[in-house]
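Colleague: My structure is below; once you've seen it, I'll send some questions.
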Ligand SMILES: O=C(CO)[C@@H](O)[C@H](O)COP(=O)(O)O
Ligand SMILES: [Fe+2]
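Residue numbers (my numbering): 25 to 244.
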């Protein structure tokens, strides 16, 4: 079953606790948390204080997507705040193995992410170390952007490497996911679909989650 990870970037922050509980009751599998620093990406969003304050109100894993320069400096504080998975951009990590080991040392699941224009080869030699590979299907920074279809080829490539090398990380996609693109991503080999506006901008979140999951299910 393909997992759905609603991104709280598109939630109503004035009632974040209710928004998170709404998607949890609606069948979400992870809560995706977009952390942006205004340097690596042109937007500033969530810090560890928010992660810490939402943690007690959900039983779902907090999937923390770090879009920040020098992530090593902040991994301990996000781990302490309650992150279940910490995902770092390859583009921000000159010493990627060291950064992944740092996440592991905090007993948090590890993820690596690449932008749409970054080739899969850039993460080929770290795949055996991670629990999750996130392929951006938009350029990071904002919710509500259009899906970049060229990334599908990369999803297929990573899925093929996983099979050939008998690895067992999850493949997650993030950006522009809706019913139509969910099916394409699942077909290409994605296991986790991040969806921000396609869930939180809808009145009925359960229905939105079910429709995306059902579209992905057609490809399974
Ligand atoms: O990491 C990001 C954006 O940088 C995402 O997680 C967005 O929050 C996804 O939003 P939609 O494209 O689904 O609206
Ligand atoms: Fe994200």
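Quick reminder that beta carbons are idealized off the backbone N, C-alpha and C, glycines included.
Can you pull the DSSP bridge partners for residue 135?
Modeller: Its beta-bridge partners are 111 and 156.
Colleague: I'd like the span of the beta strand (DSSP E) that includes residue 30, first residue to last.
Modeller: Residues 27-30.
Colleague: Is residue 215 near ligand 2, going by C-beta to nearest heavy atom under 7 Å?
Modeller: For ligand 2, not one heavy atom lies less than 7 Å from the Cβ of residue 215.
Colleague: Answer yes or no: the CB of residue 64 versus the heavy atoms of ligand 1, is any distance below 7 Å?
Modeller: Residue 64: no, Cβ never under 7 Å from ligand 1.
Colleague: Confirm the yes/no value for this check: CB of residue 121, any heavy atom of ligand 2, distance under 7 Å.
Modeller: No - ligand 2 has no heavy atom lying nearer than 7 Å to the Cβ of residue 121.
Colleague: Excluding the 5 residues preceding and the 5 following residue 53 in the sequence, name in chain order all residues of the same chain whose CB lies nearer than 6 Å to its CB.
Modeller: 27 and 28, listed in sequence order.
Colleague: Here's the rule I'm using: 16 or more other beta-carbon atoms within 10 Å means buried, otherwise exposed. How should residue 46 be labelled?
Modeller: The residue is buried, with at least 16 neighbouring Cβ atoms inside 10 Å.
Colleague: Please state whether DSSP places residue 90 in a helix, a strand or coil.
Modeller: Strand at residue 90.
Colleague: So, helix, strand or coil for residue 121, using DSSP?
Modeller: Residue 121 falls in the helix class under three-state DSSP.
Colleague: Three or more beta-carbon pairs under 8 Å between the region 36-44 and the region 156-174, yes or no?
Modeller: These segments do not touch.
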